[in-house]
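Asker:
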Amino acid sequence: MLVEKYKKMLSGKSVIRQLSEFATARGKEIGYENVFDYSLGNPSVPVPDKFTQVMIKMLKEESPVKLHGYSPSLGNPEVKEKIAASLRKRFDIPYTAEHIFPASGAAGALSHAFRLVTEPGDEILTFAPFFPEYHPYVDLTGAVLKVVPANTEDFQINFAAFEEMINEKTMAILINTPNNPSGIVYSAETLTRLADVLTKKSVEFGHTIYLISDEPYRELVFEGVDAPCVSKFYDHTIMCYSFSKSISLPGERIGYLAVNPACEGAEFMVPMCGQISRGIGHNCPSSIIQMAVAEVLEDTSDLSVYETNMNLIYKELMDLGFTCVKPGGTFYIFPKALEEDAKVFCEKALKYDLVLVPSDSFGVPGYFRMAYCIDTEKVKRSLVALRKFVETEYPDRKEIKC
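For the sequence shown, my numbering begins at 43 and goes up steadily by one.
#1: Name the two residues that bound the continuous alpha helix (DSSP H) containing C315.
#2: For N351, count neighbouring C-beta atoms within 10 Å of its own C-beta (all shown protein chains included) and say buried if the count is 16 or more, exposed if not.
#3: So, does the CB of R235 fall closer than 8 Å to a CB anywhere in chain D?
#4: Mind checking whether G266 and P369 have CB atoms under 8 Å apart?
#5: Which two residues bound the contiguous alpha helix (DSSP H) that contains Y252?
#6: Which residues does DSSP pair with S284 in a beta bridge?
#7: Can you tell which of G184, L262 and E231 has its C-alpha closest to the C-alpha of K47?
#8: With a cut-off of 8 Å, do at least 3 Cβ pairs link the stretch 312-320 to the stretch 275-294?
#9: Around the C-beta of R320, are 16 or more other C-beta atoms found within 10 angstroms, so that it is buried, or is it exposed?
#10: If we count the other Cβ atoms within 10 Å of its Cβ and call it buried at 16 or more, is I442 buried or exposed?
#11: Taking DSSP as the reference, what is the three-state secondary structure of R411?
#12: Would you kindly work out how many angstroms separate the C-alpha atoms of M97 and A334, rounded to a whole number?
#13: Among residues of its own chain, excluding the 5 on either side of A192, which ones have a beta-carbon nearer than 8 Å to its beta-carbon?
#14: Short check: CB of I254 to CB of A308, under 8 Å?
#15: Is it true that the CB of L398 sits closer than 8 Å to the CB of D12?
#16: By Cβ distance, which residues of its chain are closer than 8 Å to V245, with the 5 residues on each side in sequence left out?
#17: Buried or exposed for H110, going by 16 or more other Cβ atoms inside 10 Å?
#18: Helix, strand or coil: how does DSSP classify I58 here?
#19: Is it right to say D79 is buried, meaning 16 or more other beta carbons lie within 10 angstroms of its own, or is it exposed?
#20: Which residues in the same chain as S62 place their Cβ atom closer than 6 Å to its Cβ, once the five residues preceding and following it in sequence are excluded?
#21: Note down, in chain order, each residue of its chain lying with its Cβ closer than 6 Å to the Cβ of N295, except the 5 sequence neighbours on either side.
#22: Per DSSP, what kind of secondary structure is P162 in: helix, strand or coil?
#23: With DSSP collapsed to three states, give me the class of D395.
#24: Please tell me whether D181 and K211 are closer than 8 Å, where the distance is taken between their beta carbons.
#25: For the beta strand (DSSP E) holding F143, just list the boundary residues, first then last.
#26: Who are the near neighbours of S424 in its chain, counting only those whose CB is closer than 6 Å to its CB and skipping five residues on each side?
#27: Within 10 angstroms of its Cβ, does I331 collect 16 or more other Cβ (buried), or is it exposed?
#28: D91 to D344, Cα distance in whole Å?
#29: With 16 as the cutoff for other CB atoms within 10 Å, does S53 come out buried or exposed?
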């Protein structure tokens, strides 16, 4: 008999993926260049040329057995040491190779982190707006994801609601900064206050509450925005990183988990990840990709296009009367819809070939997400469609400024 919980999930597919599939199908009808697809956060800039050259050199010079064989279950030791050295230099935290676990992207790292610190029935708290896939990531471990309502004024943490929801069953807090979908970067003030709450509540409940920091957009921060290192604020932090966005490698599924050396149980966590891998199959990420990223740890793709796109879209949204908190990073923007039901708003937008994602699954009704990782020329053309959509469908809108 088929497992019912997975069968039921078929009726709750990712809205983002469904809209992406719609955009692809529509593109076959009218040409994809004429579909303003803001659905999927798929990087639109190429990998750094250095990465390509590293791959070519390895393929020409290294042993195929070394390049394509299994990596050790805890990751390539040389790669782990290079990652640790980079983190030591950048963030002044004494990571060693023993604190690093290569994983299949941030999703793979998160899958291990949740299982490190929770048993079935335990709770993990996260903050709206949040990446919708957190629910299956957490809930299918047997732990329970609880969502703290959003602070829609600036999308920093809603501490009043947070302190009401945290309880003795809370084993971990999951944060994502810079944030998908809001584009907001948590401030040092926010992270300091969060650490203070976790320290106090850990004492009150008699167990450590871990902080799991999902950081695939860590390098994608805009000019003038401070993006503090989360692990500097709270000892018991598990960092989950991906190279998908920083060097445009989403299809290679490579990232890592980094345990703060001061974290309770730090000496056991990476070996435990090796045992977790045996049960979930997220083991031994690609050997060649581990070796390649180790040579470009502090390089990025040309990420400047995302800030250019953000500024164009934000200005147009403001001119059209939307309410929107200006992003500090990522390639997402999260405006308030022009009517209460964001799904209806986004359905109307489809008539203008604008593919926007309603916010319900992000935990904040009445908003929509735009993933502006597309060519700037296409962004500019889309703004014509956006203005036509708004002026036609909402002629009596109020001019609301952020």
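Note that beta-carbon positions come from the ideal geometry of N, C-alpha and C, so glycine has one too.
Answerer: Reading it off the structure:
#1: A308 to I322
#2: buried
#3: Checking the listed chains, one finds no chain D in this structure; it contains a single protein chain.
#4: no
#5: It is not in any alpha helix (DSSP H) - Y252 instead sits in the beta strand (DSSP E) that spans Y252 to D256.
#6: G297
#7: G184
#8: no
#9: exposed
#10: Model confidence at I442 stands at a pLDDT of 41, short of 50, so the residue's coordinates are unreliable; what they give is reported in the following sentence. By the neighbour-count rule (16 or more Cβ atoms within 10 Å), I442 is not buried but exposed.
#11: strand
#12: 6 Å
#13: F169, A170, P171, N200, G405 and V406
#14: no
#15: Given a span of 43 to 444 for the chain in the structure shown, any question on residue 12 remains unanswerable.
#16: none
#17: exposed
#18: helix
#19: buried
#20: S81 and L82
#21: Before going further, note that residue 295 is Arg rather than Asn in the sequence given. So the list reads S146 and G147, once near-sequence residues are dropped.
#22: coil
#23: coil
#24: no
#25: I142 to A145
#26: F78
#27: buried
#28: 10 Å
#29: exposed
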